[in-house]
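Asks:
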Amino acid sequence: MKLNGTHQLLAYAYDVNILGGSIHAEKENAEALVAATREIGLEVSVDKTKCIVMSRDQNAGRNSSVRIGNSTFERVEESKYLGTTLTNQNSIPEEIKVRVKSGNFCYHSVQNLLSSRLLYKNLKIKIYRTIIIPVVLYGCETWSLTLREERKLRLFENVVLRIFGPGRDEVTGEWRRLHNEELNDLYSSPNTVRVIKSRRMRWAGHVARMGEGRWVYRVLVGKPEGERPQGIPRRR
Numbered sequence: 163m164k165l166n167g168t169h170q171l172l173a174y175a176y177d178v179n180i181l182g183g184s185i186h187a188e189k190e191n192a193e194a195l196v197a198a199t200r201e202i203g204l205e206v207s208v209d210k211t212k213c214i215v216m217s218r219d220q221n222a223g224r225n226s227s228v229r230i231g232n233s234t235f236e237r238v239e240e241s242k243y244l245g246t247t248l249t250n251q252n253s254i255p256e257e258i259k260v261r262v263k264s265g266n267f268c269y270h271s272v273q274n275l276l277s278s279r280l281l282y283k284n285l286k287i288k289i290y291r292t293i294i295i296p297v298v299l300y301g302c303e304t305w306s307l308t309l310r311e312e313r314k315l316r317l318f319e320n321v322v323l324r325i326f327g328p329g330r331d332e333v334t335g336e337w338r339r340l341h342n343e344e345l346n347d348l349y350s351s352p353n354t355v356r357v358i359k360s361r362r363m364r365w366a367g368h369v370a371r372m373g374e375g376r377w378v379y380r381v382l383v384g385k386p387e388g389e390r391p392q393g394i395p396r397r398r
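Note that the numbering used here numbers the sequence shown so that position 26 is 188, with each residue one more than the last.
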């Protein structure tokens, strides 16, 4: 959606995200949006509207808030937008942490079913795939994973796969706790990390087939302007 002649506003239903290269530009865009909403009888909620400054400098905009008329939009370090956690450092690990936490909550809500001896293991796997996995992998197409995040996701999945229960040792005949490799063999499906990488490739192909008029395609093929700051790049 265009605002002030440029693409600086993203809207989905009543969730609106205003973009700006600086606090001043963001304020101008917010003023234009507030004026446009008043013309059609709508009003921007001050309590629900937040301001996030994303910058390499952690002190950038620390004391800056967007003030329009008598209303001041609070500046926060993180906020939710369409179910995704946005932070001032654009931190993917924080989003993964939130998704794993939500997955744990979902897992404990159906733990009685997963631990029941009355359900077949195939049915338990279907519950895991249809109820828990969508919660954990929401928005994973845009994730940039490191080995640390991959280990966290694999650890969560191995905890859930304990629904297979113990196994009998072939040598001693005693029941014992299954190893992670044995759990993966019983699961017989791609693990969480492989699913994420597959979805990322599918999303990249979908964006590549879009036309040049689509904003997502422009972000994919666009090149950042300006000079790279001095010093080593920020670690992911």
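Where is the CB? At the ideal position from N, CA and C, for every residue including glycine.
#1: When you compare only the Cα positions, how much space is there between residue 262 and residue 269?
#2: For my contact list, residue 293 and residue 322 are in at a C-beta cut-off of 8 Å; report their separation, rounded to the angstrom.
#3: Suppose the cutoff is 6 Å on Cβ atoms and the five residues either side in sequence are ignored; what does the same chain contact list for residue 264 look like?
#4: Three or more C-beta pairs closer than 8 Å, one from the stretch 236 to 247 and one from the stretch 196 to 213: is that the case here?
#5: Between the Cα of residue 314 and those of 326, 341, 353 and 334, spot the shortest distance and give me the residue it belongs to.
#6: Give me the Cα-Cα distance between residue 312 and residue 372, rounded to the nearest whole angstrom.
#7: Output the distance between the C-alpha atoms of residue 266 and residue 350, rounded to the nearest integer angstrom.
#8: Ends of the beta strand (DSSP E) at residue 171?
#9: To the nearest angstrom, report how far apart residue 320 and residue 345 are at their CA atoms.
#10: Could you check what DSSP says for residue 383 in three-state terms: helix, strand or coil?
#11: With 16 as the cutoff for other CB atoms within 10 Å, does residue 176 come out buried or exposed?
#12: Which same chain residues, not among the five before or five after residue 300, have their C-beta less than 7 Å away from its C-beta?
#13: Using C-beta distances below 7 Å, list every residue in its chain close to residue 358, excluding the 5 sequence neighbours before and after it, in chain order.
#14: Quick one: using the 10 Å Cβ neighbour count with 16 as the cut-off for buried, is residue 228 buried or exposed?
#15: Along the chain, where does the alpha helix (DSSP H) that runs through residue 355 open and close?
#16: Suppose contacts are defined by Cβ-Cβ distances below 8 Å. Is residue 326 in contact with residue 283 by that definition?
#17: Buried or exposed: residue 336, going by 16 or more other Cβ atoms within 10 Å of its Cβ?
#18: Would you mind stating whether residue 316 and residue 329 have Cβ atoms separated by less than 8 Å?
#19: Pull up the distance between the alpha-carbon of residue 277 and that of residue 285, whole angstroms please.
#20: If contacts are defined as beta-carbon pairs under 8 Å, then residue 241 and residue 214 qualify, I think. What distance do you get, rounded to the angstrom?
#21: Are the CB atoms of residue 348 and residue 369 within a distance shorter than 8 Å?
#22: Return the first residue and the last residue of the alpha helix (DSSP H) that residue 271 is part of.
#23: For the beta strand (DSSP E) containing residue 300, list its first residue and its last residue.
#24: To the nearest angstrom, report how far apart residue 249 and residue 205 are at their CA atoms.
#25: By a C-beta neighbour count over all protein chains shown, 10 Å radius and 16 as the cutoff for buried, is residue 258 buried or exposed?
Replies: Looking at the atomic coordinates:
#1: Pairing residue 262 with residue 269, the inter-Cα distance amounts to about 10 Å.
#2: So it is not a contact: roughly 11 Å between Cβ atoms.
#3: 297
#4: yes
#5: 353
#6: Each residue's CA atom was taken as its position, placing residue 312 and residue 372 some 30 Å apart.
#7: 22 Å
#8: 171 to 174
#9: As the crow flies, the alpha-carbon of residue 320 is around 7 Å from that of residue 345.
#10: Here residue 383 sits in helix by DSSP.
#11: exposed
#12: 245 and 261
#13: 299, 302, 305 and 307
#14: buried
#15: 354 to 370
#16: Yes, these two residues count as a Cβ contact at 8 Å.
#17: exposed
#18: no
#19: 12 Å
#20: 6 Å
#21: no
#22: 254 to 271
#23: No beta strand (DSSP E) holds residue 300; DSSP gives it neither H nor E.
#24: 26 Å
#25: buried
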